[in-house]
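Numbering (our numbering), first residue to last: 30 to 321.
Cβ atoms here follow ideal geometry from the backbone N, Cα and C, with glycine treated the same way.
Printed below as a string of structure tokens:
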């Protein structure tokens, strides 16, 4: 029994030598440690993943300073990292260790993709989403800012909204979230699911519960509905830029104006604007009047 314990301890020690070298991203030491482990314990279940990671960081050392020259190269590297390397890292480091380890690799890919232009057909190969995967919010925001008219394009707008949620917080990001909802309710939902502030997904759940099955049930109406529930958001949502003048956008702007008129006590103007809201969207108007 003591011999078995010793042998198991030896196997664990050799395995840990590989893991520690991988944590340091020392490819040569990791490969040598893998060789020692395989020589003494060729059936060790962790060996395949350890070898994958050791080989990956060895290749990364040679490619680190080589910029991607086309989207296909970035795509190939991204897919390898998010599939086989991600799985091997998870088996080796678990959570949250694998996320910390992988973040370094995402940063390396983001730097290499820095010169690639935004391609709407393959947006995931741009540097911005790679920086987001790495958790480098400042670099992600800078990368988005290089995209021409990024605020008029749903995918870059979603990237910037996610970055600013981390950098500036939810209140300051509301203008981008509203604009994103008007352009792509689906992307708004994706961003909300990754929000560092739990108030955003909580507000969306409340919105869905109160509007389920109604005409204003999709997230393009979230900003307008939020103003009814949270009048304190008026200042932030008033800062939205003009978008496509859709009914949800028109409704939100009407509500911004209505809240201002209420404060000023301008009754005749208030009645006129309420009629506009009623004609535009009766369900939203009813929700607004219930709160009055």
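| Asked | Found |
| --- | --- |
| Excluding the five sequence neighbours on either side, which residues of its own chain have a C-beta within less than 7 Å of the C-beta of residue 21, listed in chain order? | Outside the modelled stretch of the chain, which goes from 30 to 321, sits residue 21, for which no answer is possible. |
| So within the stretch 148-181, which uninterrupted alpha helix (DSSP H) runs reach at least 4 residues, ignoring any that extend past its ends? | 156-163 and 166-174 |
| Could you give the distance in angstroms between the alpha-carbon of residue 54 and the alpha-carbon of residue 111? | 18 Å |
| For the pair the stretch 112-126 and the stretch 62-73, tell me if three or more CB-CB distances fall below 8 Å. | no |
| Kindly indicate the opening and closing residues of the alpha helix (DSSP H) around residue 70. | Careful: residue 70 lies outside any alpha helix (DSSP H) and carries neither H nor E. |
| Count Cβ pairs between the stretch 200-216 and the stretch 177-187 that sit closer than 8 Å; are there 3 or more? | yes |
| Could you tell me whether the stretch 141-157 touches the stretch 117-129, using the rule of 3 or more Cβ pairs below 8 Å? | no |
| Using the three-state DSSP reduction, which class does residue 228 fall into: helix, strand or coil? | helix |
| When you compare the CB positions of residue 285 and residue 266, do they come within less than 8 Å of one another, or not? | yes |
| Measure the CB-CB distance between residue 87 and residue 60 and report whether it falls below 8 Å. | yes |
| Is residue 172 near residue 160, with beta carbons less than 8 Å apart? | yes |
| Hey, how far is the Cα of residue 89 from the Cα of residue 218? | 34 Å |
| If you count every other CB in all the chains shown that lies within 10 Å of the CB of residue 297, and 16 or more means buried, which is it? | exposed |
| What's the C-alpha gap between residue 98 and residue 145? | 7 Å |
| Determine the DSSP secondary structure at residue 195, reduced to helix, strand or coil. | helix |
| Going by DSSP in three states, residue 261 sits in which element: helix, strand or coil? | helix |
| State the DSSP-derived secondary structure class of residue 276, mapped to helix, strand or coil. | helix |
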